[in-house]
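A short write-up of the structure that comes next.
Residue numbers (our numbering), protein chains in the order written: chain D, 441 to 1094; chain L, 180 to 279.
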């Protein structure tokens, strides 16, 4: 791999930051078209610059990378961290996806947010979000990545709580921020461990340390597990996924941005970026795969029963992120990133589509009160349908190729890996396969309930017309969701995406002790693909049976499986369990700290105690100060007499 | 025969009367007068010592004390006068607004 210096990389994140700055400071006084222009154009410029920067990387088939050293950020003793950006194959894909999808979402936002009072604030935050994410994906060291990591955390707080007048929405923002902080704590610890062992935090330096053996597998395992804690927060995996469904409190384009282009992909990206580290830590990788598989299945089951159109999509995102984690967990880093990319396309499209539905129905989000919207919202319907087929994994749509790649890698590595790891991979595969059937079911349920059947709309609701500024982004994303998978259609012998990423993530796979030698049996691969398609078809068939053919059936099923239904509908009571096990004890402990430790001990004894003592002492002295001259004179004479008596009779000087 | 002890005892009595006056009387004018009494008791003691030891320094010191006492009386009376104008009283029990 050869490096080329360039000076445009800095501008890729910087331009959206300037946009955020201008809109944030003066946007209130600008007319709305100008705000939209600044907001969209800055991200557009980023996209174009990413394209320019990526041109030579693409031309070099990923063997060339662009670097720009901006300035030395921290330089003390043995630590030297510089703000440097790097554009290699992985960063190219990430920055193109981030800036491209964000750009489309920005355009869409012009239509969706046109009535909002805080229009400029919205675009300012949106630009800041893109800035943070671009920093994250182009950083050449963990600390700089962490800057972006924290930046997206902050922006998610700002945007989820965008309508902060509503306390529930404000607290959803806080929840996202706090849950992410828990993960970030693990991330920081992991970073410290790596620094302690390698005394460097740049990706190149760490890779060298791994090759040189300074970072032993034990250190790598500990660091990887801790970093994964951070990833479970950002990428919404068990047990820290709880913030993401609540993040629906933000405006719908924000959900699209968080779910598709920024934020949640950070964890997957981080693991892919540190693939060289994870591949010498098979235990940590197995944990990643297992957690990913569990999340994929778990979140999908919750998705079945949700009634809020955005909640279904939120759980679907959690589930799809689980697939990406399976991918990076079994060592197929490119497959995880591949799914990340296709998911960005179809999930952005789905969210924007749901936003279009909500917008058309003036804020209605309950799918039980929709239905029959196919004719009224044709653009939304067709794009939504394309993305649904993509997420459900039917060929030749993009989701099929990426999801299948992950499942195939999980399965094929299961037979080659050691006993325990093999078991984990197999379990992840099976959970992923069952999850695929459920994904197909709940997604088609969503489509059928929203767009098909009879209208169950509130008769007072007037369905607004679709706006072109919102429909075009949908069309672009649906198109990408349709064809996006062909960059790596491995069944058709196309491995372009994998080969492109190999210079960055490929060596990691080869270095892996237990994960090497993917099986290359073609018939097995076809069988695996067939299995996932069949799983998808089962889901589709069930959804069709229940929501098109027998509309009474869902109610009956829910009645006969009452316990299961309630458990799913209430999301396994995870929020309630966390409330009892974590939040309440902390709350009680905090009250103890406040009422006992702070008020009584620190304030009472520590701070007010000496003050009260001095006050008493002063009270005694105060009595002496009567203001009566004769009393003073009396003390004066008494004192003089006392001194005289002392001098004469005791000291015997006089 | 009058000895130095007589003078000193007289001086002590005058001084004690002055102290008693300062401590017990309420009128600021009387207070000033009592202070004068104490100064004069000191003068008497100084002169008695000077006379009986033959050291002339005591005489000089007594002259100084008288000068200072005159100045003190002038300032003190001025203060009492100002106080009276301000508060309408020279009773020191009523002049105690500087208490803690």
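The beta carbon of each residue, even a glycine, is placed where N, CA and C say it ideally should be.
From a predicted model like this one, the values you see are computed outputs, not experimental measurements.
The beta carbon of residue 754 (chain D) lies closer than 6 Å to those of 684, 685, 688 in the same chain, with the five residues before and after it left out. In the structure shown, residue 180 (chain L) adopts coil according to DSSP, grouped into three states. DSSP places residue 774 (chain D) in the uninterrupted alpha helix (DSSP H) bounded by 773-800. Within the same chain, 200 come within 7 Å of residue 209 (chain L) by CB-CB distance, once the 5 residues on both sides are set aside. Taking 9 Å as the CB threshold, residue 276 (chain L) lines the interface with chain D. Rounded to the nearest whole angstrom, the C-alpha separation of residue 875 (chain D) and residue 471 (chain D) is 47 Å.
At a C-beta separation below 7 Å, residue 269 (chain L) has no neighbours in chain D, since its nearest C-beta there lies roughly 12 Å away.
For residue 526 (chain D), the three-state secondary structure derived from DSSP is strand. For residue 244 (chain L), the nearest beta carbon of chain D is not closer than 9 Å to its own beta carbon. Among the residues facing chain L, residue 1051 (chain D) is not included, as its CB has no counterpart in that chain under 9 Å away.
Residue 247 (chain L): member of the alpha helix (DSSP H) spanning 236-266, first to last residue.
Straight across, the Cα-Cα distance linking residue 1068 (chain D) with residue 1079 (chain D) is about 17 Å.
By the neighbour-count criterion, in which 16 or more other beta carbons inside 10 Å mark a residue as buried, residue 207 (chain L) falls on the buried side. Not a single CB atom of chain L sits nearer than 9 Å to the CB of residue 612 (chain D). If you check the CB distance, residue 541 (chain D) and residue 761 (chain D) do not come in under 9 Å. Nearest to residue 725 (chain D) by C-alpha distance, out of D:901, D:736, D:737, D:711, is D:711. Counting only the Cα atoms, residue 634 (chain D) lies some 14 Å from residue 651 (chain D). The residues 489, in chain order, have a CB closer than 6 Å to that of residue 451 (chain D) in the same chain once the five nearest residues on each side in sequence are set aside.
For residue 506 (chain D), the enclosing beta strand (DSSP E) starts and ends at 504-516. Within the DSSP bridge table, the entry for residue 444 (chain D) names D:506 as partners. Approximately 6 Å separates the beta-carbon atoms of residue 766 (chain D) and residue 872 (chain D); this is inside 8 Å, confirming the contact. When the five nearest sequence neighbours on each side are left out, the beta carbons in the same chain lying within less than 6 Å of the beta carbon of residue 748 (chain D) are those of 805, in order along the chain.
Here residue 806 (chain D) carries a strand assignment [DSSP, helix/strand/coil].
For residue 1043 (chain D), the secondary structure class from DSSP, reduced to helix, strand or coil, is helix. Between residue 769 (chain D) and residue 715 (chain D), the beta carbon gap of about 11 Å keeps them out of contact (Cβ cut-off 8 Å). Annotation for residue 737 (chain D): the continuous alpha helix (DSSP H) segment containing it runs 722-745.
Taking the C-beta atoms as reference points, residue 757 (chain D) is found no nearer than 9 Å to residue 838 (chain D). Residues of the region 1045-1069 of chain D that bring their beta carbon within less than 9 Å of a beta carbon in chain L comprise 1058, 1061, 1062, 1063, 1064, 1065, 1066, 1067, 1068, 1069, in sequence order. Segment contact: the region 812-829 of chain D against the region 877-896 of chain D, three or more CB-CB distances shorter than 8 Å; contact assigned. When the five nearest sequence neighbours on each side are left out, the beta carbons in the same chain lying within less than 6 Å of the beta carbon of residue 661 (chain D) are those of 721, 723, 724, in order along the chain. In this chain, the alpha helix (DSSP H) harbouring residue 760 (chain D) covers 749-769. Comparing alpha-carbon positions, the option among D:819, D:1074, D:597, D:477 lying closest to residue 569 (chain D) turns out to be D:597. The alpha helix (DSSP H) runs of length 4 or more contained entirely in the region 1015-1093 of chain D are, from start to end of the chain, 1024-1032, 1048-1064, 1069-1085.
Taking a Cβ-Cβ threshold of 8 Å, none of the residues of chain D is close to residue 259 (chain L); the smallest such distance is about 12 Å. The region 698-707 of chain D and the region 547-561 of chain D do not touch, with fewer than 3 CB-CB distances between them shorter than 8 Å.
For residue 581 (chain D), the three-state secondary structure derived from DSSP is strand.
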